[in-house]
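Below is one structure, written out as structure tokens; the observations come after it.
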Amino acid sequence: MVAVLAGVAGGPAHAQPDATDPGTAPAGSVEVLARMEGPGPSGIAVTPEGRVFVGFPRHADDHASATLAELKDGRLVPYPSEAMSLPSDAPPEKRLLSVHGMTTDRLGRLWVIDDGKRKGHDIPEGGAKVVGIDPRTNEVFASVTLKPPVLRPDSHMNDLRVDLGHGAKGTAYVADSSFGTSPALVVVDLASGRQRRVLATHPSTQPDPGFLTMLEGRALTYDAKHPTFPVGGVDGVALGEGGRRLYYSPLSSHRLYSIPTDVLANPAASDVQLAANVRDEGEKGAADGLAEDAQDRLYTTDFEHDAILRRSPDGTFERLAYDPRFIWPDGIFVDARYVYVTLGQWNRLPDFNGGKDRREPPYLLVRIPKEPPPTVRSPAG
């Protein structure tokens, strides 16, 4: 029995409710755009016209559904075509194998990273690639295959951003978070196809060896050989300062880093020069995907706290939404009005749970207003 004691002044004792943390209550205006029975979603992108595209990678489940789809009238439609998005016998360079991250450029064109990885299979020649699709024509207008030594046997080409300010046709910055222990940033000139791995041994692209996270009530630590949750190096990427700086963060880390794109896109810049230009931006919490908006704010998928955070240019953070349904927020995209997020439940895969599949479909695609709706006050009196 716990006694309720009187105050030190000898006043009467009152059985008040115990204090609780108000931050544990769901917060934010979360709208579910789609509930999907499977496969699990990852990348998300939205065009200026409001067309919504979602990626469904095959590295965890070698599924027979579309790996890239458009959400149309509540249905997922293979994109840009069934021939391109569904499994087939076509050469890997002629189709999409496993679409992961995606983005749009300032011309409203869709770019996807095909990691080329199907569960139980090696990455085939022509499988891993950067692909550009014009939503106005629904045609592929660019495809750059990633090749060794840039592509490693354990590569996990996870996310990308496209910078049209560098190179004749732009430059892609790809996060190789690695299925093994060799993460790096990959820089691709989209006109020539020239590509290189950079910062492959720099701390900013590596998992933190002592990384500790809380997931669904469990305290878990980073272990590359025996992972109990999705682990890896550089994962989320975002362009800031009008494309002048690339922000990035390792998956198994609480820190955020950045580098000027003038330096990163320069093929003559050595790794020593690149490393000298990396800036540690400080703590940002744990996150998978990153996104940016026109106001130079960054958005993070805080998988530890089932939340979406926003970082202002001055480095301060605010929480946009918290919801217990945010089980491993992954892909994130921001347009003029909304923040779009895919919820893939990736931490519940059998590989991280002693062979037991703990995922519980449906998987969700949600959106959150960038700015909270105004409070409606009742008239006085």
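The numbering used here numbers the first residue of the sequence shown as 685 and each following residue consecutively. The C-beta atom is built at its ideal place from N, Cα and C for all residues, glycine as well.
Self-check item: Validate contact between the segment 835-843 and the segment 894-904 using beta carbons, cut 8 Å, 3 pairs
Solution: no
Quiz item: Bridge partners of V872, per DSSP?
Solution: Position 188 of the sequence shown, counted from the first residue, corresponds to residue 872. According to DSSP, which records beta bridges pairwise, V872 is partnered with A856 and Q879.
Quiz item: Alpha carbon to alpha carbon, how far is A991 from A812?
Solution: Here residue 991 is taken as the residue at index 307 of the sequence shown, counted from 1. Here residue 812 is taken as the residue at index 128 of the sequence shown, counted from 1. The straight-line gap from Cα to Cα measures roughly 31 Å.
Quiz item: Tell me the DSSP bridge mates of D757?
Solution: The residue given as residue 757 occupies position 73 in the sequence shown. According to DSSP, D757 bridges with nothing at all.
Quiz item: Is DSSP giving V834 helix, strand or coil here?
Solution: Within the sequence shown, numbered from 1, the residue matching residue 834 stands at position 150. Here V834 sits in coil by DSSP.
Exercise. Use the C-beta contact count for N822: other C-beta atoms within 10 angstroms, 16 or more gives buried, fewer gives exposed.
Key: Here residue 822 refers to the residue found at position 138 of the sequence shown. Looking at its Cβ environment, which holds fewer than 16 other Cβ atoms inside 10 Å, N822 is exposed.
Exercise. Starting from the C-beta of P911, find all residues in its chain whose C-beta is less than 8 Å away, skip the five residues before and the five after it, and write them out in chain order.
Key: Numbered from its first residue, the sequence shown carries residue 911 at position 227. Hits under 8 Å: D1035 and F1036.
Practice problem: Starting from the C-beta of L958, find all residues in its chain whose C-beta is less than 8 Å away, skip the five residues before and the five after it, and write them out in chain order. | Solution: On the sequence shown, residue 958 is found 274 positions in, with the first residue counted as 1. Only V882, L883, H886, I943, V947 and L948 meet the Cβ criterion.
Quiz item: By Cβ distance below 7 Å, which residues in the same chain neighbour A922 in space, the five residues on each side in sequence not counted?
Solution: If you number the sequence shown from 1, residue 922 lands on position 238. Cβ within range, chain order: R845, Y931, L974, A975, E976 and L982.
Quiz item: Among R1043, K778 and D757, which has the Cα closest to the Cα of E766?
Solution: For the purposes of this step, residue 766 is identified with residue 82 of the sequence shown, where counting begins at 1. The candidate whose alpha carbon is nearest that of E766 is K778.
Quiz item: If you drop the 5 nearest sequence neighbours on each side, which residues of the same chain put their C-beta closer than 7 Å to that of T787?
Solution: On the sequence shown, residue 787 is found 103 positions in, with the first residue counted as 1. Once the five neighbours on either side are set aside, the close Cβ partners of T787 are A729, W795, L844, R845 and V846.
Quiz item: What are the complete beta strand (DSSP E) segments, minimum 3 residues, inside the segment 950-992?
Solution: 963-967, 974-976 and 982-986
Quiz prompt | beta strand (DSSP E) segment containing D806, residue limits | solution = To locate residue 806, count along the sequence shown from 1; it is residue 122. Taken as a continuous stretch (DSSP letters only), D806 belongs to no beta strand (DSSP E), as it is neither H nor E.
Exercise. Compare the C-beta of L935 with all C-beta atoms of chain C and state if any pair is closer than 8 Å.
Key: Note that chain C does not occur in the displayed structure, where there is just one protein chain.
Quiz item: beta strand (DSSP E) containing T945: first to last residue?
Solution: Against the sequence shown, residue 945 aligns to sequence position 261. Note, T945: premise wrong, no beta strand (DSSP E); alpha helix (DSSP H) at T945 to L948.
Practice problem: Identify whether V1060 lies in helix, strand or coil by the three-state DSSP scheme. | Solution: Start at 1 with the first residue of the sequence shown, and residue 1060 comes out as number 376. Confidence at V1060 is low in this model, with a pLDDT of 46, below 50, so its placement is unreliable and the value that follows should be read with caution. Note: V1060 maps to coil in three-state DSSP.
Self-check item: P1063 versus G727 - alpha carbon distance
Solution: In the sequence shown, residue 1063 corresponds to position 379, counting from 1. In the sequence shown, residue 727 corresponds to position 43, counting from 1. Here P1063 scores only 49 on pLDDT, less than 50, and its place in the model should not be relied on; the value that follows carries that caveat. Their Cα atoms are separated by approximately 44 Å.
Self-check item: Other residues of its chain near S713: CB distance less than 8 Å, five sequence neighbours each side excluded
Solution: In the sequence shown, residue 713 corresponds to position 29, counting from 1. Closer than 8 Å at Cβ, skipping near neighbours: A1005, I1052, P1053, P1056 and P1057.
Exercise. Please name the residue, chosen from I807, F913 and P732, that lies closest to K1040 on a Cα-to-Cα basis.
Key: The sequence position of residue 1040 within the sequence shown is 356, counting from 1. The candidate whose alpha carbon is nearest that of K1040 is F913.
Self-check item: Member of E754, W1012 and T984 whose CA lies at the smallest distance from the CA of R626
Solution: Residue coverage of the chain in this structure runs from 685 to 1065, which leaves residue 626 outside it and unanswerable.
Quiz prompt | Selected residue, minimal CA-CA separation from F1017, among V738, A711 and A699 | solution = Along the sequence shown, read from residue 1 onward, the residue named residue 1017 stands at position 333. The residue with the shortest Cα to Cα distance from F1017 is V738.
Practice problem: Quick one: grab the DSSP three-state call for P1053. | Solution: Here residue 1053 is taken as the residue at index 369 of the sequence shown, counted from 1. Strand at P1053.
Quiz item: Helix or strand or just coil, what does DSSP make of P1013?
Solution: To locate residue 1013, count along the sequence shown from 1; it is residue 329. Three-state result, P1013: strand.
Quiz prompt | Residue range of the alpha helix (DSSP H) that includes A767 | solution = On the sequence shown, residue 767 is found 83 positions in, with the first residue counted as 1. Per DSSP, A767 belongs to the alpha helix (DSSP H) from E766 to S769.
Quiz item: Which residue from P723, S749, H743 and L717 puts its Cα closest to that of D1110?
Solution: For the chain, the structure presents residues 685 to 1065; residue 1110 sits outside this window and is missing.
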